[in-house]
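Visitor:
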Amino acid sequence: MPSQDRGQDQARIRIVPANDDAERRFLGAIMLDGSSLERVTREIGLLKEEAFFGKRNRLVYHAILERAESSSNFDPTIISAWLESNGHLEEAGGNGYLSSLMNSGADPGSAPEYARIISECYKRRQIIALAGEVTQSA
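Taking our numbering, the leading residue of the sequence shown gets 57, the next gets one more, and so forth.
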């Protein structure tokens, strides 16, 4: 009996749709070439912050969006300074994490494709959340 219960518990485990690699590469691409953000916005629209599953990635993207209001320079030093001045640098993974985004193998030319992957995962999470709400209210 215990092994059967374990199998039922494993069947209940859900994998949350997210792609950390795409999120990291997207951020790295934007930091390498700020014009990539404008290209993504033109091609698929501006990603919402909540589209990023990873909290660190969401914070870095928030900093990029804040900077985008006045500049298209998203150099890691500038993003780090913005995060630090707003009390989020450590929460966003620190300077080491920002450097790792730059070294993630990101290709600025692929930024729109990374954004599509992020957006698709976000839409799937929204559908799952909605389905859960419907199930609970039924």
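Glycine residues also receive a C-beta, built at the ideal position from the N, C-alpha and C atoms.
These numbers were taken from a predicted model, which means no experiment stands behind them.
Roughly how many angstroms lie between the CA atoms of serine 126 and glutamate 176, to the nearest whole one?
Guide: When rounded, the distance between both Cα atoms is 29 angstroms.
Visitor: Please report the straight-line C-alpha distance between serine 141 and glycine 150, rounded to a whole angstrom.
Guide: If I take the Cα positions, the gap works out to 13 angstroms.
Visitor: When burial is assigned at 16 or more other CB atoms within 10 Å of the CB, is serine 91 buried or exposed?
Guide: The residue is exposed, with fewer than 16 neighbouring Cβ atoms inside 10 Å.
Visitor: Counting C-beta neighbours from all protein chains within 10 Å, is the total for glycine 84 16 or more, i.e. buried, or is it exposed?
Guide: Counting Cβ neighbours within 10 Å, glycine 84 comes out buried, since at least 16 surround it.
Visitor: Find the nearest neighbour of aspartate 77 within the set Leu121, Ser136 and Ser166, judged by alpha-carbon distance.
Guide: Nearest of Leu121, Ser136 and Ser166 to aspartate 77, Cα basis: Ser166.
Visitor: Between Asp163, Ile100, Glu94 and Gly188, which has its C-alpha nearest arginine 123's C-alpha?
Guide: Out of Asp163, Ile100, Glu94 and Gly188, Glu94 has the C-alpha closest to the C-alpha of arginine 123.
Visitor: Pull up the CB-CB distance for isoleucine 86 and arginine 172, whole angstroms please, since I reckon it's below 8 angstroms.
Guide: Actually they are not in contact, since the Cβ atoms of isoleucine 86 and arginine 172 sit about 15 angstroms apart, beyond 8 angstroms.
Visitor: Is it true that the CB of leucine 121 sits closer than 8 angstroms to the CB of isoleucine 135?
Guide: No; because the gap between Cβ atoms is not below 8 angstroms, this pair is not in contact.
Visitor: Quick check on phenylalanine 130: does DSSP put it in helix, strand or coil?
Guide: Phenylalanine 130 falls in the coil class under three-state DSSP.
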